[in-house]
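Quick note: the sequence shown uses UniProt numbering, first residue 1, plus one each step.
Here a beta-carbon is modelled for each residue, glycine too, at the ideal position from N, C-alpha and C.
Remember, predicted model here, so these are calculated numbers, not experimental data.
In what follows, a structure is listed as C-alpha cells, so that the remarks can point back to it.
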Amino acid sequence: MADIRGLTLADAGYPPRLREIHDPPSPLYVRGALPDATRPHVAVVGTRAPTRYGHDVVESIVTPLARAGVVIVSGLAFGIDALAHRAALEAGGTTLAVLGSRLEDEQIYPATNRPLAARILACGGALMGELDAESAIGSFNFPRRNRIIAGLCQAVLIVEAAKKSGSLITARCAIDEGRDVMAVPGPITGALSEGPNRLIKSGAIPILSAEDVLEALKMPSVIQKSEPTLFVADTPEEEALVKALADATLHADELTRATGLGAALVGSTLTLLEMKGAVKNAGGRYWQRILNP
C-alpha cells in the first residue's frame with residue numbers, strides 16, 4: 001500500500017508557501033519526500049502537445065536549474081509537464097508532481113505516466129494532491145490543482161501554450177497569489193506561442209535562459225559556467241543561420257532571404273540559438289554570432 005500521509009495547516013511539515021495562498025488544501029496528501037522548503041521552487045507548465053522547440057526549451061532551461069538546486073514543480077500531465085519532470089530527474093535534481101487524481105499507483109492519471117511518477121519517488125521527489133477516497137473524480141479537479149502548483153512556487157514558467165491552455169489557469173493563480181509569472185516567447189505565427197506571447201505582452205517576465213529565471217527571482221547564479229566550446233548545430237536550420245551570420249550582423253529579413261527559410265522558422269530558430277548562446281540580438285531585429293560553428 002502506498003505510503004500516503006495527510007498534512008493539515010496545523011502540521012509543521014505543511015509547505016509554508018502553500019500555506020500563504022487564499023485557498024490552501026487541507027489536508028494536503030503527500031507521497032514521498034518533501035524537499036527543504038527554503039530551496040527555490042519553480043513551476044514549469046505548458047501544452048500537452050509540444051513542438052520540437054518546446055522540447056528543446058524545457059531541456060535547456062530545466063536542466064541547469066535543477067543542477068543549481070531549484071526544485072521543479074509540475075502536474076505530471078502529458079507534454080511540457082512530463083518533459084519538465086524528466087529533465088529535472090536526468091539532471092539529478094528534485095521534482096514535485098501535483099496531481100489532479102489520487103496518489104495510489106492504480107489511481108495516478110494519466111496512467112501512461114505512472115512509471116514517471118514511480119521514478120520521481122525513487123529519486124527523492126514527491127507526489128502531492130488533495131483528493132482522497134471520498135473525493136469526486138472528474139476533469140474539474142485539474143484546474144483546481146493548478147492553484148497548488150502555483151502556491152508551492154516562487155514563480156511559474158509557461159512554455160508553449162495555446163490561448164485556452166489549462167496552463168494559463170496556473171499563470172492566473174500565480175498572479176492572484178503575487179507570484180512571478182514567466183514565459184518563453186515563440187514565433188508570432190505559432191498557435192502554441194499565443195499563450196506565452198500574450199502573457200509577456202501583459203507583463204510576464206520573458207525568459208530566454210535559466211540565468212534569466214535566477215535573475216528574475218533575485219537569486220545568485222550558481223549555474224556552473226563551462227569553458228567555451230565549438231557550437232554544433234542540431235538541425236539544418238540552425239546550421240544555415242549560424243553560417244549566414246559568420247561574417248556579418250544581419251537583419252532577420254536578410255536571414256530569411258539568405259537561408260530560404262520561412263520567416264516564422266527563422267524567428268523560432270534564432271530564439272533557440274540565442275538560448276544556446278550561439279547568437280545574440282544586436283538591437284531591433286539584427287542578429288550576430290557569438291560562437292564559431
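Residue i and residue j closer than 9 Å at C-beta
i, j, result
"L250", "L273", "no"
"L152", "N113", "no"
"G125", "I80", "no"
"A252", "V266", "yes"
"A91", "T51", "no"
"N146", "G166", "yes"
"S101", "G186", "no"
"I205", "D180", "yes"
"A88", "L65", "yes"
"R258", "A244", "According to the sequence displayed, residue 258 carries Ala and not Arg. Yes, Cβ-Cβ distance for A258 and A244 is below 9 Å."
"A150", "C173", "yes"
Given residue i as reference, the closest of the options once Cα atoms are compared
i, options, result
"V71", "A77, Y53, L34, I169", "L34"
"A43", "K280, V156, P16", "V156"
"E129", "A282, R285, V30, A68", "Before going on, a small fix: residue 129 reads as Gly here, not Glu. Minimum Cα distance to G129 is reached at V30."
"residue 297", "I21, L7, Y14", "Since the first residue shown for the chain is 1 and the last is 293, residue 297 is missing from the structure and cannot be characterised."
"N141", "V57, N197, V98, I205", "V98"
"T38", "I120, M219, S101", "M219"
"K164", "R5, P143, L131", "P143"
"F78", "Y53, Y109, V57, G195", "Y109"
"A210", "L261, A264, V184, I169", "V184"
"T256", "R285, D234, K280, G277", "R285"
"V57", "L214, L208, I175", "L208"
"S234", "A278, L217, P115", "The sequence shown places Asp at residue 234, rather than the Ser named in the question. Taking only the C-alpha atoms, the option nearest D234 is A278."
Where residue i falls, given that 16 or more other Cβ within 10 Å makes a residue buried
i, result
"I188", "exposed"
"G203", "exposed"
"S226", "Note on S226: pLDDT 45, under 50, position unreliable in the model; the coordinate value appears next. Exposed, since its Cβ has fewer than 16 Cβ neighbours within 10 Å."
"L9", "exposed"
"I137", "exposed"
"S74", "buried"
"V232", "exposed"
"S193", "buried"
"P228", "For P228, the pLDDT reaches just 45, beneath the cut-off of 50, and the residue's location in the model is therefore unreliable, although a value from the coordinates is still provided. It counts as exposed."
"N292", "With a pLDDT of only 48 at N292, under the threshold of 50, the placement of this residue in the model should not be trusted; the figure read from the coordinates follows. Looking at its Cβ environment, which holds fewer than 16 other Cβ atoms inside 10 Å, N292 is exposed."
"E238", "buried"
"R289", "buried"
"A171", "buried"
"Q224", "Low confidence applies to Q224: its pLDDT is 48, below 50, so where it sits in the model is not reliable, and the reading given next is rough at best. The residue in question, Q224, is exposed, as its Cβ has fewer than 16 Cβ neighbours within 10 Å."
Residue i versus residue j - alpha carbon distance
i, j, result
"L83", "E59", "8 Å"
"L103", "I200", "34 Å"
"T94", "D247", "43 Å"
"P25", "I148", "8 Å"
"A23", "A12", "Note on residue identity: the sequence assigns Asp, not Ala, to residue 23. Taking the straight line from one Cα to the other gives about 18 Å."
"A68", "G32", "22 Å"
"E106", "L127", "14 Å"
"P236", "W287", "18 Å"
"A118", "R86", "12 Å"
"G6", "P27", "5 Å"
"P16", "G260", "53 Å"
"Y14", "H41", "15 Å"
"L96", "E215", "23 Å"
"T271", "G178", "28 Å"
"L131", "D3", "15 Å"
"G54", "E160", "6 Å"
"L168", "D176", "12 Å"
"M275", "L116", "27 Å"
"D212", "G195", "19 Å"
"C123", "E254", "48 Å"
"E134", "L121", "24 Å"
"L217", "L18", "18 Å"
"I61", "M182", "12 Å"
"K280", "A111", "42 Å"
Host beta strand (DSSP E) of residue i (start-end)
i, result
"M128", "126–129"
"N113", "That residue, N113, is in no beta strand (DSSP E); it is neither H nor E in DSSP."
"T95", "95–98"
Boundaries (first-last residue) of the alpha helix (DSSP H) holding residue i
i, result
"H55", "52–67"
"I169", "167–176"
"A244", "236–244"
"M275", "263–275"
"K280", "It is not in any alpha helix (DSSP H) - K280 instead sits in the beta strand (DSSP E) that spans 279–283."
"I149", "141–151"
"H22", "From DSSP, H22 is part of no alpha helix (DSSP H); its letter is neither H nor E."
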